[in-house]
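Novice:
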Ligand code: HPA
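Numbering (our numbering), first residue to last: 1450 to 1696.
#1: Have a look at residue 1686 and residue 1548 and give me their C-alpha separation to the nearest angstrom.
#2: Please confirm whether residue 1511 and residue 1627 have their CB atoms less than 7 Å apart.
#3: Which of the three DSSP states, helix, strand or coil, is assigned to residue 1543?
#4: Along the chain, where does the beta strand (DSSP E) containing residue 1625 start, and where does it finish?
#5: Counting only runs of 4+ residues fully inside the segment 1484 to 1540, write out the alpha helix (DSSP H) ranges in chain order.
#6: Give the residues whose C-beta lies closer than 7 Å to at least one heavy atom of the ligand GDP, in chain order.
#7: Taking a contact to mean a Cβ-Cβ separation below 7 Å, would you say residue 1585 touches residue 1679 in this structure?
#8: Quick one: is residue 1612 buried, meaning 16 or more other Cβ sit within 10 Å of its Cβ, or exposed?
#9: What did DSSP end up calling residue 1605 once you bin it into helix, strand or coil?
#10: For the candidate residues 1590, 1604, 1603, 1470, whose alpha-carbon lies nearest to that of residue 1616?
#11: Going by C-alpha to C-alpha distance, which of 1588, 1689, 1557 sits closest to residue 1576?
#12: Cβ atoms of residue 1522 and residue 1632: under 7 Å apart, would you say?
#13: Are residue 1715 and residue 1578 close, meaning C-beta to C-beta below 7 Å?
#14: Measure the beta-carbon distance from residue 1621 to residue 1641 and round it to whole angstroms, keeping in mind my assumption that it falls under 8 Å.
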């Protein structure tokens, strides 16, 4: 099985062969290498130049993964914690999300496909990620609120969002939706880089990136272990999502 990794802020390249994938949404740069007898493709979500969350080429990145034949994606990103008990420097693995962005989130403009999002993430990969993440550090599960960015949230927004979600970030949607529409298994490993607006004195983008960079090795260990454990055959049903969504 071919496995994809989508790297978040502070995670722009990996050792491997650089390949360019042509998509309808432009050329996408990926790094190819082999690990645990698996073919791995790494794409930096924000690109080498780091475009902000609202300008990420989500469609190109996911189309590239599909085109290469990737069947499972491990995505990483940073999030802000909206709960004291979800600590900075710990891991957060979402089981659900609420999309507060204004972005389009479908590949299907001309056909009516309504993918089921009752379980947005692949249950098999999520379980493996949680097991491996717990071995490395404190790990919590929860709901991810997706905001548009690039600005950070106001205190009032966080006070509202924390009623519905545990962590806040800018990139999960449309990525998770596009993976579902592409029939690719997808799970997300988030690094808690800060407490959300109003919970710490001020928010500093450099600080957010620094926490991610400090955790990079741990993230790599978790991904490495996860890659070795993803089963070859897909019993989870993720690949049927687009077909089941047809009207
Ligand atoms: N808000 C939104 N996105 C983020 C945050 C935050 O506090 N931290 C890291 N990504």
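We put the beta carbon where it would ideally sit given N, CA and C, even for glycine.
On a predicted model such as this, the values are computed, not experimentally measured, just so you know.
Specialist: On the basis of the data shown:
#1: 23 Å
#2: yes
#3: strand
#4: No beta strand (DSSP E) contains residue 1625, which is instead part of the alpha helix (DSSP H) from 1621 to 1630.
#5: Correct list: 1507 to 1517.
#6: The ligand GDP is not among the ligands present in this structure, which contains only the ligand HPA.
#7: no
#8: exposed
#9: helix
#10: 1590
#11: 1588
#12: no
#13: Nothing can be reported for residue 1715: it is not among the residues displayed for the chain, which extend from 1450 to 1696.
#14: In fact, because the Cβ distance is near 14 Å, the residues do not count as touching under 8 Å.
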